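In this text, residue positions in the sequence shown follow the numbering used here: the first is 6, and each later residue adds one.
Built from N, CA and C at the ideal position, the CB exists for glycine as well.
Everything numeric in this text was worked out from a predicted model, so none of it was measured.
Okay, so here's the structure we're looking at.
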Amino acid sequence: MKYIIFLLVILFVLTANLNAGSEFTGIFTLINPSATTIAFGNQSGTAYIWGNNPLNSWSNPALLAYHDGLSWGWSHDPWFEKIISGMYINSSYISYANRNLGFLIPMFNASSKFGTTCDYGEQEVYDAQGHLVGTFNSYETCARFAVAKKLFHLNLFHNTGSSDSFTFSGGYDFRYITSNLPMFVADSLDRDIVHSTMHGLGLLGHFIHHQRLHLTNSSLTFEITLGFYQMNILENEMRYETGEYPLPYGNRFGVTGKVSYNFENIAPIPIPFLHENISICYVYDTQEFGDWESEWGSGFEFGFFNIFFLRWGEFHDEQGHIEGKTSGVGIKLNFKDVVHFEYNYATFPGGELQARQRKEDLMVSVDLMKLFQRK
6 MKYIIFLLVI
16 LFVLTANLNA
26 GSEFTGIFTL
36 INPSATTIAF
46 GNQSGTAYIW
56 GNNPLNSWSN
66 PALLAYHDGL
76 SWGWSHDPWF
86 EKIISGMYIN
96 SSYISYANRN
106 LGFLIPMFNA
116 SSKFGTTCDY
126 GEQEVYDAQG
136 HLVGTFNSYE
146 TCARFAVAKK
156 LFHLNLFHNT
166 GSSDSFTFSG
176 GYDFRYITSN
186 LPMFVADSLD
196 RDIVHSTMHG
206 LGLLGHFIHH
216 QRLHLTNSSL
226 TFEITLGFYQ
236 MNILENEMRY
246 ETGEYPLPYG
256 NRFGVTGKVS
266 YNFENIAPIP
276 IPFLHENISI
286 CYVYDTQEFG
296 DWESEWGSGF
306 EFGFFNIFFL
316 RWGEFHDEQG
326 HIEGKTSGVG
336 IKLNFKDVVH
346 FEYNYATFPG
356 GELQARQRKE
366 DLMVSVDLMK
376 LFQRK
């Protein structure tokens, strides 16, 4: 019975029809590994530049140009856990950036692979007569590399009370994909692991207005970002024994608006890892892959003293008939502005198979420049 349920899940999730004559393979590459950005719209985050979490750049490699320091991000998703046990999405990446140039490389994840892994666990294989051939571990892995740089920066206006600036960045990512899908009917366990690659380009513009409030010795910061990401620009395919099947290709577009109120020196906060500000951020993203109908997500984030974050949103996918609410929380600890620790948790719709999915991620970041200056 477990084998039959697993078969149905795999066929439903991994095979997505674009039209009567074509389909994608490697659908797992569309699964967002970041609990941070999932919380406000599932496949969101194309223009969300705040935070150093390497997982956030999944939506757009150009985000790395706004990161700072050495960061490691890890996430875990017990995929469709209420239907069958042993299926997980695990990710692990490390990045280094200096708010101008950023790099991303895959790291060892909880599935003992590098990058992002869709782990289907140990599965039984039967021959055409229904006899058990044996068991093997089935998985798909996407090891992602990325680089980003700020292409130009313009100071539009500046005086003693306010300033305006605009920054534009670009990014590139390369994905090395390995597929070892379950064999439902086979005469032996011998088979070749399938490999392929994907290339993507991202762009991001960031406008910021800073306004000092002299009467209260505080300030307001207004930010607007626009992001665009083109996934699998060469429309590469996976070559299986049964033929060649296209990997997902398409684009994402996102816009965010953020307002931050900075208390500055009104009343110093004695707790060392708190920052003296509160913020509200609105996020909107839309995605379109191949001939699929477009999907979109939107949501809000409230930040308190740069330590506690509340997030919620909604997601609509007409192609997969998935829609619903997303939500999440984040906790960030900043130690002397040198070491940063972050935990994020999110829930999101899983469609007809499972109403609610959940994901969590961890991030540890070290500002190397400040660390060296302290020594």
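Taking threonine 121 as the reference, give the member of Trp79, Leu239, Phe307 with the closest Cα.
-> Checking every option, the nearest Cα to that of threonine 121 belongs to Trp79.
Where serine 49 and histidine 204 are concerned, what is the direct C-alpha to C-alpha distance, given to the nearest angstrom?
-> Roughly 20 Å between the two C-alpha positions.
Closer than 6 Å by C-beta to glycine 335: which residues in its own chain qualify, once you throw out the five before and the five after it? Chain order, please.
Contacts found: Phe314, Asn349.
Just tell me which of Leu75, Met112, Tyr181 has its CA closest to the CA of leucine 373. When each option's Cα is compared against that of leucine 373, the closest is Leu75.
Item to complete: Say whether the segment 59–76 touches the segment 149–162, bearing in mind that this needs 3 or more beta-carbon pairs closer than 8 Å, one atom from each stretch.
Response: Yes, they touch.
ask   = Between glycine 255 and isoleucine 43, is the Cβ-Cβ spacing less than 8 Å?
value = Annotated as distal: glycine 255 and isoleucine 43, with beta-carbon spacing of 8 Å or more.
- Would you kindly report the start and end of the unbroken beta strand (DSSP E) that includes isoleucine 110? In the DSSP assignment, isoleucine 110 falls within the beta strand (DSSP E) that extends over 106–111.
Expressed to the nearest angstrom, what Euclidean distance is found between the alpha-carbon atoms of aspartate 366 and serine 116?
So the two alpha carbons sit approximately 15 Å from each other.
| said: Let me check understanding here. Comparing Cα to Cα, which of Arg316, Lys341, Ser370, Asn103 lies closest to asparagine 47? | reply: Of Arg316, Lys341, Ser370, Asn103, the residue nearest in Cα terms is Arg316.
When burial is assigned at 16 or more other CB atoms within 10 Å of the CB, is asparagine 22 buried or exposed? The predicted position of asparagine 22 is uncertain, since its pLDDT is 33 and thus under 50; no value can be drawn from it.
Quiz item: How many Å lie between serine 167 and leucine 225 at the Cα?
Solution: It is roughly 9 Å from the alpha-carbon of serine 167 to the alpha-carbon of leucine 225.
Practice prompt. Can you give me the Cβ contacts of asparagine 267 inside the same chain, cut-off strictly under 8 Å, excluding the 5 residues immediately before and after it?
Written response: Only Ser223, Ser224, Leu225, Thr226, Glu281, Asn282 meet the Cβ criterion.
Cβ contact check for the segment 89–105 and the segment 284–298: 3 or more pairs under 8 Å: In this structure the segment 89–105 does not touch the segment 284–298; the number of beta carbon pairs closer than 8 Å is below three.
| task | Taking all protein chains shown into account, decide if threonine 34 is buried (16 or more other Cβ within 10 angstroms of its Cβ) or exposed. | result | Classified as buried, threonine 34 has 16 or more neighbouring CB atoms from the shown chains inside 10 Å of its CB.
Original post:
Taking C-beta to C-beta, are leucine 208 and glycine 175 nearer than 8 Å?
Top reply: Yes, they are a contact pair.
Rounded to the nearest angstrom, what separates serine 265 and isoleucine 54 at their Cα positions? Rounded to the nearest angstrom, the two C-alpha atoms are 14 Å apart.
- Between which two residues does the beta strand (DSSP E) containing lysine 283 stretch? In the sequence under discussion, the amino acid at residue 283 is isoleucine, which differs from the lysine named in the question. The continuous beta strand (DSSP E) containing isoleucine 283 extends over residues 282–294.
Where the alpha helix (DSSP H) through alanine 67 begins and ends = Premise fails: alanine 67 is in no alpha helix (DSSP H) and is neither H nor E.
| message | Between which two residues does the beta strand (DSSP E) holding isoleucine 198 run? | response | No beta strand (DSSP E) contains isoleucine 198, which DSSP labels as neither H nor E.
What does the Cβ neighbour count give for glycine 158, buried or exposed, with the cut at 16 atoms within 10 Å? A small correction: the amino acid at residue 158 is histidine; glycine does not occupy that position in the sequence shown. That one is exposed.
**Study point:** Cut-off 6 Å between Cβ atoms - residues of its own chain near asparagine 185, not counting five sequence neighbours on either side
**Key:** Non-local beta-carbon contacts of asparagine 185 in its own chain, meaning distances under 6 Å to residues more than five positions away in sequence, involve Ser143, Tyr144, Ile198 in chain order.
- Message: Once the 5 residues before and after glutamate 328 are set aside, which same chain residues still bring their CB inside 8 Å of it?
- Response: Taken in chain order, the residues that qualify are Glu319, Phe320, His321, Asp322, Pro354.
Checklist entry - Is it buried or exposed for serine 39, if we count other Cβ within 10 angstroms and need 16 for buried? => result Buried.
TODO: Please go through the same chain and pick out, in chain order, the residues whose beta-carbon is closer than 6 Å to the beta-carbon of phenylalanine 233, but skip the five residues on each side of it.
DONE: Leu208, Phe258, listed in sequence order.
Next item on the list: Pull up the CB-CB distance for glutamate 242 and proline 251, whole angstroms please, since I reckon it's below 8 Å.
Entry: Contact between glutamate 242 and proline 251 holds: CB atoms are separated by about 5 Å, below the 8 Å threshold.
Taking the straight line between their C-alpha atoms, what separation do you get for threonine 41 and glutamate 357? Rounded to the nearest whole angstrom, the C-alpha separation of threonine 41 and glutamate 357 is 24 Å.
Own chain, CB closer than 6 Å to lysine 330, minus 5 neighbours either side, in chain order: If the five residues before and after lysine 330 are omitted, its C-beta is found closer than 6 Å to the C-beta atoms of Glu319, all from its own chain and listed in chain order.
Practice prompt. Out of Thr30, Gly295, Phe212, state which residue places its alpha-carbon closest to the alpha-carbon of threonine 183.
Written response: When C-alpha distances from threonine 183 are compared across Thr30, Gly295, Phe212, the shortest belongs to Thr30.
Practice problem: Run the CB neighbour count on glutamine 292, radius 10 Å, all protein chains shown included, and call it buried at 16 or more, exposed below. | Solution: Counting C-beta atoms within 10 angstroms of its own C-beta, glutamine 292 has 16 or more neighbours from the protein chains shown and is therefore classed as buried.
- Item | Cut-off 6 Å between Cβ atoms - residues of its own chain near leucine 239, not counting five sequence neighbours on either side | For leucine 239, where only same-chain residues beyond five positions count, the Cβ hits under 6 Å are His204.
Practice task
Provide the residue span of the beta strand (DSSP E) that contains isoleucine 327, from first to last.
Solution key: That run of the beta strand (DSSP E) goes 327–340.
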